[in-house]
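Written out below as structure tokens is the structure these notes cover.
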Amino acid sequence: MKIVREALAGTLESSDLMVKIAPAGDGLEVVIHSEVIKQFGDQIRQVVHSTLRDMQVHQGLIIIEDKGALDCVIRARLQSAILRAAPDAEIDWGKLL
Amino acid sequence: MRKLRRSMLFLPGANAAMLSTAFIYRPDSIMFDLEDAVALREKDTARLLVFHALQHPMYQDIETVVRINPLNTPFGLPDLEAVVRAGVDVVRLPKTDTPEDIYELERHLERIELACGREVGSTRVMAAIESAIGVINAVAIARSSQRLIGIALAAFDYVMDMQTERGDGTELFYARCAVLHAARAAGIDAFDVVWSDVNDEAGFLREVELIRKMGFNGKSLINPRQIDLLHNAYAPTQQEVDHAQRVIEAAEEGERNGLGVVSLNGKMIDAPIINHALMVLERAAASGVRR
Chain A
1 MKIVREALAG TLESSDLMVK IAPAGDGLEV VIHSEVIKQF GDQIRQVVHS TLRDMQVHQG
61 LIIIEDKGAL DCVIRARLQS AILRAAPDAE IDWGKLL
Chain B
98 MRKLRRSMLF LPGANAAMLS TAFIYRPDSI MFDLEDAVAL REKDTARLLV FHALQHPMYQ
158 DIETVVRINP LNTPFGLPDL EAVVRAGVDV VRLPKTDTPE DIYELERHLE RIELACGREV
218 GSTRVMAAIE SAIGVINAVA IARSSQRLIG IALAAFDYVM DMQTERGDGT ELFYARCAVL
278 HAARAAGIDA FDVVWSDVND EAGFLREVEL IRKMGFNGKS LINPRQIDLL HNAYAPTQQE
338 VDHAQRVIEA AEEGERNGLG VVSLNGKMID APIINHALMV LERAAASGVR R
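The listed protein sequences derive, respectively, from chains A and B.
The numbering used here puts the first residue of the first sequence at 1, with every later residue one more than the last.
The numbering used here puts the first residue of the second sequence at 98, with every later residue one more than the last.
Right under this line is the structure:
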């Protein structure tokens, strides 16, 4: 999925996260800030990168401000931001499962 | 045994914190809301949050309901595509005015179930009645589908349609009676309206007492604080539990002795009395005796 515009999803409330996405010319840059990075950093990175991989996002700048969100919330907010940043397309729910 | 549905807790679909914690309050059913509690610009992300929450292990042991947007809006069908694939137990259709609204929902459900490999008919439905025409058609709506587990009265839109406002319940008198009778005639559950002032416990309990005596299965709730109050109000008294146990014991003894009819303290015990006793014991098992 191609990132063609800037987009936001989520909030900075506890148990949520804010995802900011912008197009980038070369490659994929992911920046993660989290209140629980010491305890759950590896898991958060794993969820973020697998979500990006599943949605075939290979280029763009992604900045995540995590406030202790569950994996399912991270995945949902990241997918929302990607879909908002990508050209209009039908969602294949089967691929988002 | 029938599913106990006294409390149905509304959760705004876009609220990540509530979606992450609400299961700990143990309502009988949790209702994720994609409709009125979600702003237009958050419909997409709320849909995805609910889509993933439904699949999370924290919601596997509790009945999940999703209130989708009306199917005549741009959001209704995408909601349905998402939640059916995510394995929701029940879809709540808002603003149900006619049986045709349910038929339309059924057609989409069947198509999506077939497309994603779910058993056809496995997604259940509840209809929310929110208008005068919906109340008039309540019997036809309640009988419109095998998928229906219940019908609910939704007060906010209904009182506006009736050109009145929420008050002491007088404004809902006919609608409550009509919805409840329709549900009972169709053999499905009936749910009462939300009580929106969470700080007015006395008012909430007065309303709960009224709808419990009327025969409603339960009530939609907007705050976890209301769950225990509701469950306690629906719990039987110790006296009722003791009597129910004696009824069941007498019925069992009659069955052992091959008697068609048995009596307790000179009163005949028949099927409705036994069923009522079973319901009393079921409620006692779920939330103890009334405090």
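Ideal Cβ placement from N, Cα and C applies to all residues, glycine included.
Near chain A, meaning a CB-to-CB distance below 8 Å, the residues of the segment 116-137 of chain B are Leu-116, Ser-117 and Thr-118.
Rounded to the nearest whole angstrom, the CA to CA distance from B:His-373 to B:Glu-337 is 10 Å. Using a CB distance cut-off of 8 Å, A:Gln-79 counts as an interface residue toward chain B. In the three-state reduction of the DSSP assignment, B:Met-376 falls in the helix class. Within the segment 27-55 of chain A, no residue places its CB atom closer than 7 Å to a CB of chain B. At least one CB of chain B lies nearer than 8 Å to the CB of A:Ala-76. Taking one beta carbon from each stretch, the segment 128-137 of chain B and the segment 104-117 of chain B have 3 or more pairs nearer than 8 Å; the two touch. Chain-ordered, the chain A residues with CB closer than 8 Å to the CB of B:Cys-213 read Trp-93 and Gly-94.
Straight-line measurement puts the Cα of B:Lys-364 at about 51 Å from the Cα of B:His-153. For B:Ile-226, the enclosing beta strand (DSSP E) starts and ends at 221-226.
The Cβ atoms of B:Ile-199 and B:Ser-242 sit closer than 8 Å to each other. Taking every protein chain shown into account, the CB of B:Asn-314 has 16 or more other CB atoms within 10 angstroms, so this residue is buried. In the structure shown, the three-state DSSP call for B:Glu-304 is helix. In the structure shown, the three-state DSSP call for B:Gly-173 is helix. In the pairwise beta carbon analysis, the segment 171-190 of chain B is classified as touching the segment 199-217 of chain B: at least three pairs are separated by under 8 Å.
Against chain A, the beta carbon of B:Glu-178 has neighbours under 7 Å at Trp-93, listed in chain order. Burial check for A:Ala-24: the Cβ neighbour count within 10 Å stays below 16, so the residue is exposed.
Using a Cβ-Cβ cut-off of 8 Å, A:Leu-83 counts as an interface residue toward chain B, since at least one Cβ of chain B sits closer than that to its own. Residues of chain B whose Cβ lies closer than 7 Å to the Cβ of A:Ala-7 do not exist; the shortest such Cβ separation is about 11 Å.
For B:Phe-288, the beta-bridge partners assigned by DSSP are B:Ala-249 and B:Gly-315. DSSP lists A:Ile-62 as the beta-bridge partner residues of A:Val-30. Put simply, the CB of A:Asp-66 is far from chain B, with every gap to its CB atoms at 8 Å or more. Against chain B, a Cβ distance below 8 Å from A:Ala-69 picks out Ala-113 and Ser-117.
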